[in-house]
Amino acid sequence: VADAFDVLAEGLMMPPVKFVREGELNEDILNIFVRNCRLPDLNRADLLALVASLDLGEERFNTLIDKYGADTILAMFDEHIDSNARSLQALIADMPDGTYELTDYIDRDPGAKSDEPLPCTLALTIEGKSLTLDFTDSAPAARGAVNGTLPVTTSGVICAIKCIYPQIELCAGINRTIEIRTTPGSIFHSEWPSPVSGLSGSAFQKVVDLVFGCFAQIVPERVMACPATETNYVQHGDDPRADSLFEQYIL
């Protein structure tokens with residue numbers, strides 16, 4: 002919702018609820034979701050596919066426990082996380098200590114009258130095996146829907162690190178190795194009720210760009226050129242061939 006000024010204008014908000022309880026699908030909650038979609042049949046099928054994938058995952062997981070025992074599986078989880086943390090720490094330790102800084106911009110606040118760009122700043126510090134990413138000098142939260150929450154900022158950092166070092170697995174080993182600093186109420190740590198519906202094409206992408214830009218000062222051979230950020234298009238309308246609505250989302 003490009004012109005939303007708070008999250009209440011961005012659509013339906015659902016608190017954490019049980020979609021499936023004791024193996025039984027909650028049809029009431031499913032109907033609430035699909036009633037708020039332009040493509041109810043497609044979204045119903047997508048949600049049911051997610052449930053089926055979780056059912057299969059549970060079955061396969063129980064098979065592993067039956068074969069190897071719960072203690073072995075839990076120990077494997079711990080070792081997987083620990084080994085990935087050690088691998089990332091070793092990569093960081095090979096880099097020169099120092100602070101590497103970059104400021105980029107989101108074009109403007111879509112909820113403001115001003116066309117002033119919004120500064121997005123990262124100071125990336127390497128000290129021994131530790132990696133600190135400091136976004137505290139970035140702009141305050143925008144009035145328009147280009148803000149990101151702290152989990153979004155964290156996921157952007159992890160995504161960028163994974164792109165630079167694909168051998169590192171996506172697990173808590175990354176979280177253990179990095180420290181992320183933000184200012185609550187800022188564009189990278191927005192709080193209720195700041196709008197966030199455009200974050201995937203703004204705040205999230207800018208976090209990735211900043212991490213790339215700082216690492217390009219350290220290991221340029223491993224970092225891709227800046228991607229085409231701020232591309233966030235939604236098209237929808239009537240499809241006369243199927244007598245139904247259509248929508249297309251391009252990021």
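Each residue of the sequence shown is one higher than the last, beginning at 2 in my numbering.
Think of the CB as a built atom: it goes at the ideal place given N, C-alpha and C, for glycine as much as any other residue.
So is residue i buried or exposed if we call it buried at 16+ other beta carbons inside 10 Å?
i: G99; result: exposed
i: G157; result: buried
i: S198; result: buried
i: A10; result: exposed
i: K207; result: buried
i: V235; result: exposed
i: N148; result: buried
i: T73; result: exposed
i: L57; result: exposed
i: T64; result: exposed
i: S54; result: exposed
Who are the Cβ neighbours of residue i in its own chain at under 7 Å, not counting the five residues just before and after it?
i: T183; result: F136, T137, L151, T154, F189 and H190
Starting from residue i, trace the beta strand (DSSP E) in both directions and tell me its first and last residue.
i: Y166; result: Taken as a continuous stretch (DSSP letters only), Y166 belongs to no beta strand (DSSP E), as it is neither H nor E.
i: C121; result: L119 to E128
i: G99; result: G99 to I107
i: L132; result: S131 to D135
Using three-state DSSP, classify residue i as helix, strand or coil.
i: S187; result: strand
i: S203; result: coil
i: S245; result: strand
i: R45; result: helix
i: V147; result: coil
i: V21; result: strand
i: Y153; result: Strictly speaking, residue 153 in this sequence is Val, with Tyr absent from that position. The answer is helix: DSSP assigns V153 an H, G or I state.
In chain order, what residues of the same chain lie with their CB nearer than 8 Å to the CB of residue i, ignoring the 5 residues before and after it?
i: R109; result: S115, D116, E117, P118 and L119
i: N176; result: T155 and I159
i: T178; result: A86, L89, Q90, I93, K130, S131 and L132
Would the C-beta of residue i count as close to the ligand ZN, meaning under 8 Å from any of its heavy atoms?
i: A143; result: You won't find the ligand ZN in this model; it holds no ligand whatsoever.
Where do the N-terminal and C-terminal ends of the alpha helix (DSSP H) with residue i fall, by residue?
i: T73; result: A71 to A94
i: E222; result: From DSSP, E222 is part of no alpha helix (DSSP H); its letter is neither H nor E.
i: R177; result: A173 to T178
Excluding the five sequence neighbours on either side, which residues of its own chain have a C-beta within less than 6 Å of the C-beta of residue i, listed in chain order?
i: G174; result: I82, N85 and A86
i: F216; result: I165 and V224
i: G12; result: none
Sufficient close CB pairs (3 or more, under 8 Å) joining the segment 125–133 to the segment 146–156: These segments do not touch.
Inter-stretch contact at 8 Å, needing at least 3 Cβ pairs: the segment 166–181 / the segment 82–92: Yes, they touch.
field: the segment 103–118 contacting the segment 210–219, beta-carbon criterion three pairs below 8 Å
entry: In this structure the segment 103–118 touches the segment 210–219; the number of beta carbon pairs closer than 8 Å is three or more.
- prompt: With a cut-off of 8 Å, do at least 3 Cβ pairs link the segment 37–57 to the segment 236–252?
  reply: Yes, they touch.
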